[in-house]
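To keep things clear, I will list the structure first and then write my remarks on it.
Protein chains: 2
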Amino acid sequence: MSSDSPGFELPLRLLMGFRAIIDELHAELARQGHPDLRPMHGFVMQAVGQSGTTAVELGRTLGVSKQAAGKTIETLERLGYVERSVDPYDTRRKIVRLTPRGIDSLIRSARIFDDIRNRWAARLGKDRLRAMESDLRQVTPPDFFRLDIPGWFGTL
Amino acid sequence: MSSDSPGFELPLRLLMGFRAIIDELHAELARQGHPDLRPMHGFVMQAVGQSGTTAVELGRTLGVSKQAAGKTIETLERLGYVERSVDPYDTRRKIVRLTPRGIDSLIRSARIFDDIRNRWAARLGKDRLRAMESDLRQVTPPDFFRLDIPGWFGTL
DNA sequence: TAAGATGGACAATCAAGTTGTCTATATAGT
DNA sequence: ACTATATAGACAACTTGATTGTCCATCTTA
């Protein structure tokens, strides 16, 4: 079948799709009062979660060194999205928690992601979009929380 | 419709799909004698093209500064994938061209991309894969050569 | 022919990773 | 209980790949 597109188009389209969504998300987040958030920050705050975490733990979750995780935490702390406090049960640990501003950004992100997905569904049809998601699930690992995104992008 | 996946899954799946292909490509390229190529290098060499280019031109194509483009060229030159020569018609310009090794890596990449695509087609069905590509084309810009990948990833 | 634009080199800076070292604190083994 | 080991976090130096700014040589144009 010669009408197939060349193999290199598929990864580029996947990347462009990812990028289109992320760019739109952050344009909208900026409009909604979060102009300083970088795409990475969303991943990091998701990894921090409602229950909090530590630099070492965060580094393991994200697949980067504890020092790198610490630096990202510092940035997010400076921007007001997380805060640190000493763990009373283990005074070595400093627990990182989302601030109300951090939680707000996650809530807004979730809503914006859903809006974008609805727009894709309107464009492609609900069934086609669901088929795409289902097919992507088949060719990618099942869990999407161990992505080690930062480390991977660093060496791109 | 409550069976829809949350909106944030789609971009992650797109990214994981991209990453799965690129990881596989470079694992195979390493096996075939190109262990030092980074994912970025493929984009850059595609942008260099058969007819050659210059640092300034390459920077414009990739959406980065001419200095950044120059550094990447240096790296690829050191690895033996491109070579530079002075333009006899304009002695300011240095023309960057692919070496035979550079061309070899592009040929192998194209073959590997096709192999990976065939494996996806076997897994998902040819029609489903074509539907995915077609749908992605609908929600992404038509031209995939002005991606400014390096600049974009840098600020991720 | 003088003025301006362009290509490339060099330097300093930045951001986000890395490894290595150090201190303080917890935990486990004898 | 004491000692040895492991862990959390801070600090420093380095790497990579981007940035901006400056500079010189060369080409183009008025």
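Protein chains in written order, with this note's numbering: chain A, 9 to 164; chain B, 9 to 164.
Backbone N, C-alpha and C define an ideal beta-carbon position, used for all residues, glycine too.
| Item | Value |
| --- | --- |
| Give the residues from the region 136-149 of chain B that approach chain A closer than 8 Å (Cβ to any Cβ), ordered along the chain. | 136, 137, 138, 139, 140, 141, 143, 144, 145, 146, 147, 148, 149 |
| Thinking C-beta only, is residue 106 of chain A closer than 8 Å to residue 90 of chain A? | yes |
| Give me the DSSP bridge partner(s) of residue 59 of chain B. | Note: residue 59 of chain B sits in no beta bridge, so no partner. |
| Between which two residues does the beta strand (DSSP E) containing residue 45 of chain B stretch? | Taken as a continuous stretch (DSSP letters only), residue 45 of chain B belongs to no beta strand (DSSP E), as it is neither H nor E. |
| What is the rounded straight-line gap between the Cα of residue 102 of chain B and the Cα of residue 93 of chain B? | 5 Å |
| Please list, in chain order, the residues of the region 113-125 of chain A that have any C-beta partner in chain B closer than 9 Å. | 117, 118, 119, 120, 121, 122, 123, 124, 125 |
| Can you look up residue 72 of chain A in the DSSP assignment and give me helix, strand or coil? | coil |
| Since residue 132 of chain B meets chain A, which of its residues come closer than 8 Å, beta carbon to beta carbon? | 143, 146, 147 |
| State the start and end residues of the unbroken beta strand (DSSP E) segment that holds residue 106 of chain A. | 102-106 |
| Kindly examine the ligand ATP and report whether one of its heavy atoms sits closer than 7 Å to the Cβ of residue 51 of chain B. | Ligands displayed in this structure: none; no statement on the ligand ATP is therefore possible. |
| Are the region 34-49 of chain B and the region 11-25 of chain B in contact at 8 Å, needing three or more beta carbon pairs? | no |
| Whole angstroms are fine: how far does the CA of residue 45 of chain B sit from the CA of residue 33 of chain B? | 10 Å |
| Give every residue of the same chain whose Cβ lies closer than 7 Å to the Cβ of residue 128 of chain A, excluding the five residues on either side of it in the sequence, and list them in chain order. | 137 |
| At a Cβ cut of 7 Å, what residues of the region 30-58 of chain A count as close to chain B, listed as they run along the chain? | 30, 46, 47, 48 |
| Is residue 13 of chain A helix, strand or coil by DSSP? | coil |
| Quick check on residue 117 of chain A: buried or exposed, where buried means 16 or more other Cβ atoms within 10 Å of its Cβ? | buried |
| Can you give me, in chain order, the residues of the region 82-95 of chain B that have a beta carbon less than 9 Å from any beta carbon in chain A? | none |
| Looking only at DSSP bridge pairs, what is residue 93 of chain A linked to? | A/103 |
| What in chain A is Cβ-close to residue 28 of chain B, meaning under 7 Å? | 147, 148 |
| Nearest by alpha-carbon distance to residue 77 of chain A: which of A/51, A/96, A/130 is it? | A/51 |
| What's the C-alpha gap between residue 112 of chain B and residue 88 of chain B? | 11 Å |
| Would you grab the beta carbon distance between residue 131 of chain A and residue 147 of chain B for me? Rounded to a whole angstrom, and I think it's under 8 Å. | 6 Å |
| Could you tell me the alpha carbon to alpha carbon distance between residue 74 of chain A and residue 133 of chain B, rounded to whole angstroms? | 43 Å |
| Would residue 47 of chain A pass as a contact of residue 30 of chain A if the rule is Cβ separation under 8 Å? | yes |
| What are the boundary residues of the alpha helix (DSSP H) that includes residue 146 of chain A? | 134-147 |
| Output, in chain order, the set of chain B residues within a Cβ distance shorter than 7 Å of residue 25 of chain A. | 22, 144, 147, 148 |
| Taking only the alpha-carbon atoms, compute the straight-line gap between residue 59 of chain A and residue 140 of chain B and give it to the nearest angstrom. | 37 Å |
| Using a Cβ-Cβ cut-off of 6 Å (strictly less than) and excluding sequence neighbours within five positions of residue 69 of chain A, which residues of its own chain qualify? | 55 |
| Keeping to the same chain, check which residues put their C-beta closer than 6 Å to that of residue 120 of chain B; ignore five residues upstream and five downstream. | 33, 36 |
| Rounded to whole angstroms, what's the CA-CA distance from residue 124 of chain A to residue 21 of chain B? Just pull it up for me. | 15 Å |
| Is the shortest distance between the beta-carbon of residue 18 of chain B and the beta-carbons of chain A less than 8 Å? | yes |
| If we ignore side chains and look at the alpha-carbon of each, how far apart do residue 17 of chain A and residue 96 of chain B end up? | 36 Å |
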